Amino acid sequence: MVPLRIAVTGAAGQIGYSLLFRIASGEVFGKKLPVVLQLLEIPQAMKALEGVAMELEDCAFANLAGVELADIPEQAFSGANWALLVGSKPRGPGMERIDLLRDNGGIFVGQGKALRNAASDVRVVVVGNPCNTNCLIAMAHAGDIPPERFSAMTRLDQNRATAQLARRAGVPVDQVTNVTIWGNHSTTQFPDFEHARINGEPAETVISDRTWLENDFTETVQKRGASVIAARGASSAASAANAIIDHVKSFLIPTPRGHWFSAAVKSDGSYGVPAGLISSFPITKNETDDWCIVPDLILSEYGKAMIANTVRELESERDMVKDMLGS
Ligand code: NAX
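Residue numbering for the sequence shown follows this note's numbering, beginning at 22 and increasing consecutively.
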């Protein structure tokens, strides 16, 4: 059987260390489908990456048909069916947001161009931050790859929101559905409790504490990344890897009827989000290869204002990298 080729960037980083073994185990693409991991790192991290490759080998995963290491994006993406863009430059001391955007933007210009070497069915998931804008940049340079094959990850935010609602309602997490993250993967995101459901009921009916939902819940989700850093001394890694797996599976497996998941995709103008921005929406995957933004949800004035706020931030990020968006 022809193996699926999965490119992962930043593969020697902490998310990579939680992610690669789960992909290699067959958990993501199925036990029957062999995978080749094509791992990209910067030259200084190649030695560490060799160690990760040794450990992958030492797991003797039946599914793992090969591990290829590269410090050149064109090589790492060659023939890839999925490209998981995790690697990026962390924010250093004293670094302004615009510096972070522009430093990482440069990486995603190059990687976007290199994606032209991928398989004709490639799907691209951007995780490295600022992931919405990095995705916008990569997409702008990727030649003929259709925009609908690109997404950026807000699944960790969705999972965080789901867990908070379940805890507050005192129910198992699988009873919480239809949680939407709107907008940017940042503190301006809108974790939408208004459309969320608990045991099929509106979350607000079950929790019936609007003040908690608008304040504690919303801020907990928006600032969870910083809370994990403050407690652990390092940013979310295992939960981020887990969210990548959920994200990929949601684009592979048809969404149960009436449910949806969150991911940042190219806006078609829905819900007042300017067309072309990479913004998080409620998404369903159908029986074929397609996905769509869930149409016709009714937004409250509160919801509209929350979305407008996060969209303003996305627009300002886009404006800061305008010169990187040419093809
Ligand atoms: P680490 O710093 O542990 O690893 C990043 C790796 O990327 C490093 O090994 C580095 O050498 C590599 N790298 C840097 N530039 C590269 C390039 N040009 N090509 C290939 N590799 C490159 O970070 P980690 O904790 O693994 O996080 C990775 C990224 O995910 C960060 O940007 C982080 O902000 C982002 N996150 C995104 C999340 C999301 O929900 N979208 C949540 C988790 C995480 O914060």
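A virtual CB, placed ideally from N, CA and C, is assigned to each residue, including glycine.
Fair warning: this is a prediction, and the values are worked out from it, not measured in the lab.
Where N150 falls, given that 16 or more other Cβ within 10 Å makes a residue buried: In the sequence shown, the residue the question calls residue 150 occupies position 129. Buried.
Closer than 6 Å by C-beta to D267: which residues in its own chain qualify, once you throw out the five before and the five after it? Chain order, please. For the purposes of this step, residue 267 is identified with residue 246 of the sequence shown, where counting begins at 1. Closer than 6 Å at Cβ, skipping near neighbours: R176.
Ignore the nearest five residues each way along the sequence and tell me which others in M160's own chain have a CB closer than 6 Å to its CB. If you number the sequence shown from 1, residue 160 lands on position 139. Excluding residues within five positions, the ones whose Cβ falls inside 6 Å are P168, F171.
Have a look at I158, R112, A69, A28 and flag the residue whose alpha-carbon is nearest the alpha-carbon of G347. Position 326 of the sequence shown holds residue 347. Each of I158, R112, A69, A28 was checked against the Cα of G347, and the nearest Cα belongs to I158.
Going by C-alpha distance, which of P64, G100, D178, V57 is nearest I265? Locating residue 265 in the sequence shown gives position 244, where the first residue counts as 1. Cα-wise, what sits closest to I265 is D178.
V143 to I27 span [Cα, whole Å]: Residue mapping note: residue 143 aligns to position 122 of the sequence shown, counting from 1. Residue mapping note: residue 27 aligns to position 6 of the sequence shown, counting from 1. Near 9 Å, if we compare the C-alpha coordinates of I27 and V143.
Own chain partners of E225 with C-beta closer than 8 Å, once the 5 adjacent residues on each side are dropped: Counted from its first residue, the sequence shown places residue 225 at position 204. Excluding positions up to five away in sequence, the list reads F214, E215, R231, L234.
Could you check what DSSP says for I10 in three-state terms: helix, strand or coil? Summary: the structure shown does not reach residue 10, with the chain confined to residues 22 through 348, and so no result is reported for it.
How about the stretch 203-223 and the stretch 318-336: do they share at least three Cβ pairs that are nearer than 8 Å? As far as the Cβ criterion goes, the stretch 203-223 touches the stretch 318-336, which means the pair count is three or higher.
Is G204 near the ligand NAX, judged by its Cβ being under 7 Å from some heavy atom? Within the sequence shown, the letter at position 183 stands for residue 204. The answer is no for G204.
Candidates R253, E78, V242: which alpha carbon is nearest I202's? Residue 202 sits at position 181 when you count from the first residue of the sequence shown. Minimum Cα distance to I202 is reached at V242.
Closest to A66 by CA distance: which of L186, S109, S248, A187 is it? Residue mapping note: residue 66 aligns to position 45 of the sequence shown, counting from 1. In this structure, S109 is the residue among L186, S109, S248, A187 with its C-alpha nearest to the C-alpha of A66.
Three-state secondary structure (DSSP) of K306: Taking the sequence shown and counting its residues from 1, one reaches residue 306 at position 285. Here K306 sits in strand by DSSP.
In its own chain, which residues sit with a C-beta less than 8 Å from the C-beta of P193, not counting the 5 before and 5 after it? Within the sequence shown, numbered from 1, the residue matching residue 193 stands at position 172. By the criterion of a C-beta distance shorter than 8 Å, P193 is surrounded in its chain by A187, once the five residues flanking it on both sides are discounted.
Comparing alpha-carbon positions, which option in K343, A190, I128 lies nearest I93? Taking the first residue of the sequence shown as 1, we reach residue 93 at position 72. Cα-wise, what sits closest to I93 is I128.
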